[in-house]
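Taken in sequence, the protein lines are chains A and B. Note that the numbering used here gives residue 398 to position 398 of the first sequence, counting from 1, and the numbers run on in steps of one. Note that the numbering used here gives residue 1126 to position 126 of the second sequence, counting from 1, and the numbers run on in steps of one.
There are 2 protein chains.
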Amino acid sequence: MAKNLSTREENYSQWYNDLVVRADLAENSAVRGCMVIKPYGYAIWEKMQRALDDMFKKTGHVNAYFPLFIPKSFFSREADHVEGFAKECAVVTHYRLKNAPDGSGVVVDEEAKLEEELIIRPTSETIIWDTYKNWIQSYRDLPLLINQWANVVRWEMRTRLFLRTAEFLWQEGHTAHASREEAVEESEKILGIYTEFAENWMAMPVIQGIKSPNERFAGAVETYCVEALMQDGKALQAGTSHFLGQNFAKAFDVKFLSKENKLEYVWATSWGVSTRLIGALIMAHSDDHGLVLPPKLAPIQVVIVPIYKKEEELAQISGVAESIKDALEAKGISVRYDNRDTFKPGWKFSEYEFKGVPVRLAIGPRDLQNGTVEVARRDTLEKDVLQIADIENKIEHLLEQIQRNLYQKALTFREDNTHIVDTWEDFTETLETKGGFILAHWDGTSETEEAIKEKTKATIRAIPLNKQFSGEGKCIYSGKPSDQRVYFARAY
Amino acid sequence: MAKNLSTREENYSQWYNDLVVRADLAENSAVRGCMVIKPYGYAIWEKMQRALDDMFKKTGHVNAYFPLFIPKSFFSREADHVEGFAKECAVVTHYRLKNAPDGSGVVVDEEAKLEEELIIRPTSETIIWDTYKNWIQSYRDLPLLINQWANVVRWEMRTRLFLRTAEFLWQEGHTAHASREEAVEESEKILGIYTEFAENWMAMPVIQGIKSPNERFAGAVETYCVEALMQDGKALQAGTSHFLGQNFAKAFDVKFLSKENKLEYVWATSWGVSTRLIGALIMAHSDDHGLVLPPKLAPIQVVIVPIYKKEEELAQISGVAESIKDALEAKGISVRYDNRDTFKPGWKFSEYEFKGVPVRLAIGPRDLQNGTVEVARRDTLEKDVLQIADIENKIEHLLEQIQRNLYQKALTFREDNTHIVDTWEDFTETLETKGGFILAHWDGTSETEEAIKEKTKATIRAIPLNKQFSGEGKCIYSGKPSDQRVYFARAY
């Protein structure tokens, strides 16, 4: 246990909150439900952004920027969308303040009332499709493959740092296509990118699937998703990709002249991941000693701590440390050499352990004599003494090993916590005693899904893709016939 | 003249607007005063961001993210700041919509009224210093060198794409220091970064200076600025860096325990540049044929256009074009090979000329025979025929040459349009007939500055740093003594 951190066993929720705040990732702000993302947390987001942005661009997407504000009337255009999004949101009604007559500060100037209220975007389909109307005339203008990095606001009542905040940062892709097939292919391609990102960068295995109608994005025809399992046995939605059909094209009257010279509605997708992924990253790997970060997303991958008593020793150690730092940086590894004299080595050890730095190197006078360095890895907490010769290749290799190990550990955890059940009793008992993903038969109706949610708080996280887990069976709740198992879990 | 673009001579303002829209940089949105930044325009912003972000990080700054919303009362804390910023702004008063009773859509739910209104940040000093209060206890917590990339909103009445919009994107640095000297040094260091960026990346020469009290940032002790000259002889503020003294520390009660164990107020700076720079970039270099972009910020640096009649020719040309593309990309040069058969070469030539691509390569059947390629540079519109051998080094060199040439041309323009005047008659006549920067003596009073502004619309753009243009003289307006010339101009 570090810094009086609650253990996961004692209180998982408290452990998470303490960790986020004490590891300097984020904190609550003076504004209800809005967080401040601190530099260490933001550095993780920047690494996530860079990796995702590179993948989007490699697949032909470009970035753009659309307004923060959406006219209120835009939401009413798509019937499902307005139900899903235009409720709990921040509404701008005025555009001016004035000095209070009593000198007590500033007050809203009632004369500066907007004719139509503006909503802070909770998601941008409406304003973007209103814009696309002017951009699309012919099949030659398609596809449009556009992404936006932006802040969005949803007025959540109960908020938790990263996982659910009133304002959050995300990317939202909005693409336009000439055919249904191409749009579906795009939705699935993005699901592939999200999967690759979760597994190869976050070291977090995910299941891929589609959402049941109840859990579908408001306005979508199909919602694809990736879902991960957290250490407390709850699921977390890590990304969604929506096939929107022609719903928004119809709502905003976006038509194009096809190759066959026919006027048709455009096909659409939208997809996004958010700063919520930082919450997932924390909960997937961290332990009672603090954060554990996968090397590919760690702001600092290697920290070097000098251990010395006399100033001459520090000078010698610094020589070695700086040359190791240079050699590692030449390999693209980010390194901090912490030679501050205001903190003791023991304090630094626990600080970097708490902050999840994947590899710690310590160099003392004896190491100087022996040409060695002490290496500690954060994931297993194992220590080793290595010869300095060729250290950059050894560390590069070690970082890859840690990345793989974290993935493997999370995958084993998920496998151990995925249960196949066939009866209602087994279902409820598994939920109560073990948690995790439960693969069970479902009759395909919303009524059953809602009844199960009401009784157990478990929801259908995903209907597996490609007929995985297909086969005849009976719905655990209604007993009606079912031809495929689906993933149930309690979720964040 | 391209695409029926107005010429600069005819109507500079119209030329600018047409260019922004027709070159696919940005357009007005459905929301008053807010723009859509289109992919080509946003790609320029991304290049600007990357260059600036690298410079900030190299000088020890880190990024973070603070809330979009600021409680109304925060603005009243700093007396000057509230006057400057808390007036024309977007005010959030409610957090919920509901279905209209008459079924006509959604309306504001009057029951969901916020206790305290929230302002969409016009700048973030207040919320950030309210946060810093909890982050700073001792000198060991200083300096804090934090930057934020964000959207901000100022409810401007008259807007112009990029130059003045209700919502815009920017970076805002907010630093905290233990001493006045260190904070002043930081403000000046950032001014150096802005200068380097404007001159080396944007190829846009700037003058450095400080603002007169009238033009100072609301809440600052000193505002440093860089100012550039546009082709119509008007000045444009390209970046500001503010030394805030202890004003915000006092307003938000942020104190630290010094090394000498004394409780002192923290010293502050803030600084920013915005998407306005894209407007400056356009106006600094572009011509009546369209955009002219400096190679370092051009989304596409080189375009290759095949010229062919038969399919076999295209196949052969493509072989050569792809190998040139690979060789250029290996040097980090961004290349588009436009082999679309839906557009003719002539259309492509004028398209890329209009979009300011610095270098165009054309390859036809005769080039194949001769081992040559036709090279056209956008800045001078000159064409040349080059041997393909070693083409990547020739093009790399050419791009550097274009970058330098644009800077040199803009510098010559500024020098030709900087006038030293000594009398009021000369001042007003120069303003009317020539425009540009006018170096003139000023008595140092706000009254004189305001009178000059009222009579001529010219403002003091900068008081030169380091006693440049110092020397005894008489104020052009009041005739009172002055010991330094200052830069006057009409400005954007």
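Cβ atoms here follow ideal geometry from the backbone N, Cα and C, with glycine treated the same way. Since the structure is predicted, the reported quantities are computational estimates derived from the model, not experimental observations.
Cut-off 8 Å between Cβ atoms - residues of its own chain near residue i, not counting five sequence neighbours on either side
i                       : result
residue 75 of chain A   : 81, 82, 85, 86, 119, 126
residue 62 of chain A   : 145, 146, 147
residue 182 of chain A  : 143, 267
residue 402 of chain A  : 294, 295, 358, 359, 377, 378, 379
residue 139 of chain A  : 178, 256, 257, 258, 259
residue 1111 of chain B : 1096
residue 1235 of chain B : 1227, 1228, 1229, 1437, 1461, 1487, 1489, 1490, 1491, 1492
Partner residues on chain A for residue i, Cβ-Cβ distance less than 8 Å
i                       : result
residue 1039 of chain B : 62, 63, 64, 146
residue 1029 of chain B : 66, 67, 127, 131
residue 1036 of chain B : 64, 65, 66, 67, 131
Residue i: contacting residues in chain A (beta-carbon distance under 7 Å)
i                       : result
residue 1075 of chain B : 106
Whole-number beta carbon distance between residue j and residue i, since they are thought to touch under 8 Å
i                       : j                       : result
residue 267 of chain A  : residue 177 of chain A  : 4 Å
residue 1123 of chain B : residue 1172 of chain B : 6 Å
residue 437 of chain A  : residue 489 of chain A  : 5 Å
residue 91 of chain A   : residue 1305 of chain B : Not a contact, Cβ separation roughly 50 Å.
residue 1283 of chain B : residue 1202 of chain B : So it is not a contact: roughly 11 Å between Cβ atoms.
residue 205 of chain A  : residue 196 of chain A  : Incorrect: roughly 12 Å between the Cβ atoms, too far for contact.
residue 23 of chain A   : residue 354 of chain A  : 6 Å
residue 1278 of chain B : residue 1103 of chain B : Actually they do not touch by this definition, with Cβ atoms about 44 Å apart.
residue 35 of chain A   : residue 161 of chain A  : 5 Å
Contact set for residue i: own chain, Cβ-Cβ below 7 Å, skip 5 residues either direction
i                       : result
residue 1455 of chain B : none
residue 191 of chain A  : 208, 224, 226, 241
residue 1001 of chain B : Confidence at residue 1001 of chain B is low in this model, with a pLDDT of 49, below 50, so the placement of that residue is unreliable and no value is reported for it.
residue 470 of chain A  : 483, 484
residue 1073 of chain B : 1116
residue 100 of chain A  : 106, 107
residue 18 of chain A   : 5, 6
residue 300 of chain A  : 334, 336, 357
Status (buried if at least 16 other CB within 10 Å, exposed otherwise) for residue i
i                       : result
residue 483 of chain A  : exposed
residue 343 of chain A  : exposed
residue 1435 of chain B : buried
residue 296 of chain A  : buried
residue 1276 of chain B : buried
residue 1302 of chain B : buried
residue 151 of chain A  : buried
residue 410 of chain A  : buried
residue 333 of chain A  : buried
residue 347 of chain A  : exposed
residue 1013 of chain B : exposed
residue 1285 of chain B : buried
residue 1247 of chain B : buried
residue 366 of chain A  : exposed
residue 32 of chain A   : buried
residue 1477 of chain B : buried
CB contact check: residue i to chain C, cutoff 9 Å
i                       : result
residue 1098 of chain B : No chain C is part of this structure, whose protein chains are labelled A and B.
Within chain B, the residues that residue i reaches when beta carbons sit closer than 7 Å
i                      : result
residue 280 of chain A : By Cβ distance, chain B contributes nothing, its closest Cβ being about 18 Å from residue 280 of chain A, past 7 Å.
residue 94 of chain A  : 1091, 1093
residue 117 of chain A : 1108
Where residue i meets chain B, residues with beta-carbon distance less than 8 Å
i                      : result
residue 71 of chain A  : 1030, 1031
residue 43 of chain A  : 1062, 1063
residue 167 of chain A : 1067, 1068, 1069
residue 88 of chain A  : 1095, 1096
Chain-ordered neighbours of residue i on chain A, where CB pairs are closer than 9 Å
i                       : result
residue 1342 of chain B : 140
Close beta carbons around residue i, own chain, < 6 Å, minus the five adjacent residues each side
i                       : result
residue 978 of chain B  : Past the boundaries of the shown model lies residue 978 of chain B; chain B is included only from 1001 to 1492, so the question cannot be answered.
residue 463 of chain A  : 209, 210, 486
residue 1184 of chain B : 1243
residue 193 of chain A  : 55
residue 473 of chain A  : 441, 482
residue 298 of chain A  : 358
residue 1251 of chain B : 1077, 1078
residue 480 of chain A  : 443
What are the start and end residues of each continuous beta strand (DSSP E) run of 3 or more residues lying completely inside the region 4–64 of chain A, in chain order? If one requires a minimum length of 3 residues, the beta strand (DSSP E) runs lying completely within the region 4–64 of chain A are 26–28, 35–37, in chain order.
Runs of beta strand (DSSP E) wholly within the region 237–299 of chain A (minimum 3 residues, chain order): Listed in chain order, the complete beta strand (DSSP E) runs (minimum 3 residues) inside the region 237–299 of chain A are 255–257, 263–265, 267–274.
Taking the runs of the alpha helix (DSSP H) that are 4 residues or longer, which of them lie wholly in the region 1113–1179 of chain B? 1125–1135
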